Structure formats: C-alpha cells, structure tokens
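These notes concern the structure reproduced below.
There are 2 protein chains.
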Amino acid sequence: MGIVERKEREREEMRKLILEGAQKLFLTNGFDKVSIRNIADEIEYSPATIYLYFKDKNELFFSLHQKAFLKLIDEFTPIATIQDPMETLIEMGRIYLRFAFENPELYDLMFIMTAPIDTLACRDDVWEDGHRAFGLLQLVVQRCIDAGAIKHPNAEQAGLMIWSTVHGLVALHLRKRMSMFEEDAQKLLDNVFELFIATIKRGL
Amino acid sequence: MGIVERKEREREEMRKLILEGAQKLFLTNGFDKVSIRNIADEIEYSPATIYLYFKDKNELFFSLHQKAFLKLIDEFTPIATIQDPMETLIEMGRIYLRFAFENPELYDLMFIMTAPIDTLACRDDVWEDGHRAFGLLQLVVQRCIDAGAIKHPNAEQAGLMIWSTVHGLVALHLRKRMSMFEEDAQKLLDNVFELFIATIKRGL
DNA sequence: AAACTTACTGAACACTGTTTAGTAAACAAA
DNA sequence: TTTGTTTACTAAACAGTGTTCAGTAAGTTT
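As you go down the protein sequences, you meet chains A and B in turn. Going by full-length UniProt numbering, 103 is the number at position 103 of the first sequence; the sequence numbering is gapless. Going by full-length UniProt numbering, 5 is the number at position 5 of the second sequence; the sequence numbering is gapless.
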C-alpha cells in the first residue's frame, strides 16, 4: 500500500512547485507583483488549486520566509571556524549586512513585512525561525561576555541592542529612508557598522 | 475679485477634509482598512472626487506622513530648554521612543511604509521631512562632540548610528519581530535604550 | 462494472485603485 | 437677463486583488 505515501510525496512536490513559482516571481518582478493568479499562471494551474495546498496567501509567504531563514542560517556556517568570540560577532554582523544587500526582498520578508508573521498570530504560534536566529547571536554575545570582551552581563539585552542597530541600518536603507546621505549606501552602512563595533568594543 | 481666493480656500478645506477623514479611519481601524472608497464614504463624497485633490493614494499618504512629522517635531520642542548636550540627546531618544509607542501607525507611515516615499521617488524629489528631522539629531550630536561627550568626530555617522539603533528597536517591535522576548515590550525597549546610552557614553 | 474519493477548475463574490464620460451648478460676458 | 463657459462632482466602468464553492473528471476501491 504505497499509494498514500506516493500521494503524500506528490502533495509535497506540489507545495514545492507553488513555492518555487512564487519565489521566482518575486525575485524577478518584486513582491507587489506576486499575486495568487500570477503564481497560478507561472505554474500552469488554476488559482483555486493553490488554496488546496496553502490556507491563504500569508501562509504561502510564511513558507517563503522559512526558506529565506534557511539561506541566512546557511550563510552563517563559516563563523564556526573563528576562534575569537568578538571576531565571530563582527563577522556575523558583516554576513548579516551582506545578506540584506544581496537579498533585499528576502530580508524584507523575514524582518519587515507583516504577511508571514500574521499567519503565526492567527494560530498563536511562536516565531521559531526568528527565535533560533536570535539564539545564535545571543550565544556569540554570551561567549564575548565570558571572554571579557563585553562587560555587560546580560547577553539577551546586549544581543537585542546589536541586532537593533544592524536591523535599523538595513531597514532604513531598504525602505528608502536614507536619501539624505550622499554616500553610497553599501559603503555608508559598512562604515557605520564599523563605528558601532568600535563603540561596543570600548563601551559595552 | 475675491472669487479665486475663496475657491483656493475651499480647495484647501476640501484637502483638509479628505486628510482628516483618512486619518480618522486609520487611527481607529488601522491602515489596511483605509481605502479610497472608505474615505469617500467617511466624508460623504464620491471616490472620484478624492482624485481631484490628490494625484493618487500614495500622495494622500504622503500628506498624512507630513502631518505626522509636524507632530513629532512638535514633541521635540521641550529639548530646547536642556543645557547639557548629552542630556538633550538622551531626551530626544526617549521622546522618539515614546512617540513610536503612542503613535505606532504614524511611526510606521513615517519610517517603514513605502507608500509615502514612492510619491517622492516618481517626481524625483528629496525627503525634506526626514532630512529636517535627521538634521535636528545631527545638530545635537555635533554639540555632544563639541562638548567632548562624544569622541567620534563625524556627527553624521554617529547620528545615523544612534538613529539606526532606536529605529531598529521600534521597527522590530512594530513589525512583531520581538515575540521571543518575555518582557513587556515598552520596558524591554526602554532598558535596551538605556544600555545603548551607557555604551555610547563610554565608547562613542 | 459500480461506487466512492481525490484533484482540480470556472465562475463568482466582494473588495481594491483609478479613469472617463456626463451632469448640474457657478460664474462671466453679452 | 440670457447666453456661453468654466468648475465641481459623480455613476459607471476597467483591470486588478484574495478567496470560496459548486461541479467535473480522473484515480482508487469494492
């Protein structure tokens, strides 16, 4: 009786087909252009079919946002080889910034858009992906504290402060709130990040 | 010949009527519920009429965003009485945070949503409101530098770093990316802000 | 071969922003 | 006052959106 297994497999493949169609659309045309009908066209199915595999559009966006988190976590892997905890923290920041610049739509989806988070709210679930990613940062910050590189004893608070600064830079840039600065955005953000690192090295 | 003047006055009043209808709707029902038809209903005019006073919905949102900036700038006025520049900077941060907590929809409109900024982009104009507000911050930072409270010589960079941190905190909170923290959001943000202040006092 | 189940879709519903043709009132010129 | 012109407004339509549902055709089981 391998039929139910095959059906389950086919179901998974259909979900994958829909998600990849959606991802292709928004990585080329931008998120606003990703409608259920456009996705249906892209994968050559009817719009109604998508609702047999996803509860609504938010749930589809939530799945995309999960895929994006896998990609970010994956880009963090090189930091495992770094010995010095402060160097690890700095490299994490650089990778985070680079990810945001190279994948602005994905970053927006992960940390700015409300769509993926709304699907969690309505089934009052926790934001596991965010939780896990912040856990990674908090761990590195804790190691900095243990090594004496950071004096503040609360790794959660210190971690949130660091995350906020880097996210703030990215969010202001992605949502076009940095038009008052002449400098090239990438360079500007890199410079401010280095300034921030220097500041916490002395003051945190 | 006071007719053209009266007409101009009536035109301004109509714009005001539309804007206030729109503001009332989103301050009670949230931004998603603000449609051109809803505004039209609210002010008892036809939807098409709105387009005689605003180019499109983005321009309407842009006007609302301008009104919000007047409100924020207004809340900054008390800082003029503070002598110590570092205390001024800290109080600015507290006011900024309070504004964001008390007016989440307005903050979102001013610093996160793309709608108001898009109207600037298409007539390639500069973001005056943002420019002016950041100018205020930069001025205070410069005074901190002049007083020796901040060592870093570049007020623009330092100002952007400070803005990014505070905006990051607010943006993560408003877009529901802080669900992993048990603590009450307001308290958490206040604590992290105080930690940040302590950090820049020592390290910036 | 008949009965049942599953996968899918066309068409509709209730919205959205926006445009356009047409109307009625206000104003200007005769 | 009557005519012509401008202004202010709207009904209706267009093209799009997310979502639901009745109906169909194929796959599966009895």
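We treat Cβ as the ideally placed atom computed from N, Cα and C, and that holds for glycine. Remember, predicted model here, so these are calculated numbers, not experimental data.
Residue i at chain A interface by Cβ criterion, 8 angstroms
i         : result
His167(B) : yes
Ala171(B) : yes
Close beta carbons around residue i, own chain, < 7 angstroms, minus the five adjacent residues each side
i         : result
Phe134(B) : Gly159, Trp163
Ser101(A) : Here the sequence assigns Phe to residue 101(A), which means Ser is not the residue at that position. Excluding positions up to five away in sequence, the list reads Gln186.
Glu75(A)  : Ile95, Phe99
Glu91(B)  : Ile79, Ile82
Leu64(A)  : Leu19, Ala22, Gln23, Leu109
Leu192(A) : The question names Leu, but residue 192(A) is Val in the sequence shown. Only Leu169 meet the Cβ criterion.
Leu25(B)  : Lys33, Val34, Asn38, Ile39, Glu42
Ser46(A)  : Ala40
Proximal chain B residues relative to residue i, where beta-carbon distance stays under 7 angstroms
i         : result
Ala126(A) : Note on identity: in this sequence residue 126(A) is Val, with Ala being the wrong assignment. In chain order: Ser179.
Residue i, DSSP secondary structure in three states
i              : result
Gly30(B)       : coil
Asp184(A)      : coil
Gln138(B)      : helix
Gly159(A)      : helix
Tyr45(B)       : coil
Ala68(B)       : helix
Arg175(B)      : coil
Gly148(A)      : coil
residue 207(A) : No answer is possible for residue 207(A): it lies beyond the span of chain A, which begins at 1 and ends at 204.
Phe111(B)      : helix
residue 210(A) : The structure shown does not extend to residue 210(A), since chain A spans only 1 to 204, so no value can be given for it.
Contact with chain B by residue i, beta-carbon distance below 8 angstroms
i         : result
His152(A) : yes
Lys187(A) : no
Phe31(A)  : no
Met161(A) : yes
Leu139(A) : no
Contact set between residue i and chain A, taken where Cβ atoms lie within less than 9 angstroms
i         : result
Gln157(B) : Leu188, Asn191, Val192, Leu195
Contacts around residue i, its chain only, beta-carbon distance under 6 angstroms, and the 5 residues preceding and following it disregarded
i              : result
Arg15(A)       : Tyr53
Tyr107(B)      : Ala100
residue 205(B) : Lying outside 1 to 204, the shown extent of chain B, residue 205(B) is not represented and no answer is given.
Amino acids of chain A, ordered along the chain, whose beta-carbon sits closer than 7 angstroms to that of residue i
i         : result
Thr199(B) : Thr199, Ile200, Gly203, Leu204
Contacts that residue i makes with chain B (C-beta to C-beta distance below 9 angstroms)
i         : result
Lys176(A) : Thr114, Ile117, Asp118, Leu120, Ala121, Trp127
His65(A)  : Residues of chain B passing the Cβ test: none, with the nearest at roughly 11 angstroms.
Ser35(A)  : Within chain B, no residue comes near Ser35(A); the closest Cβ sits about 17 angstroms away, beyond 9 angstroms.
Beta-carbon contacts of residue i that lie in its chain and below 8 angstroms, excluding the five residues immediately before and after
i         : result
Leu97(B)  : Val166, Leu169, Val170, Leu189, Asp190, Phe193
Arg143(A) : Pro85, Thr88
Per-residue contacts from residue i into chain A (C-beta, under 8 angstroms)
i         : result
Phe134(B) : Met180
Contacts of residue i in chain B (Cβ-Cβ under 8 angstroms)
i         : result
Gly130(A) : Arg177, Ser179, Met180
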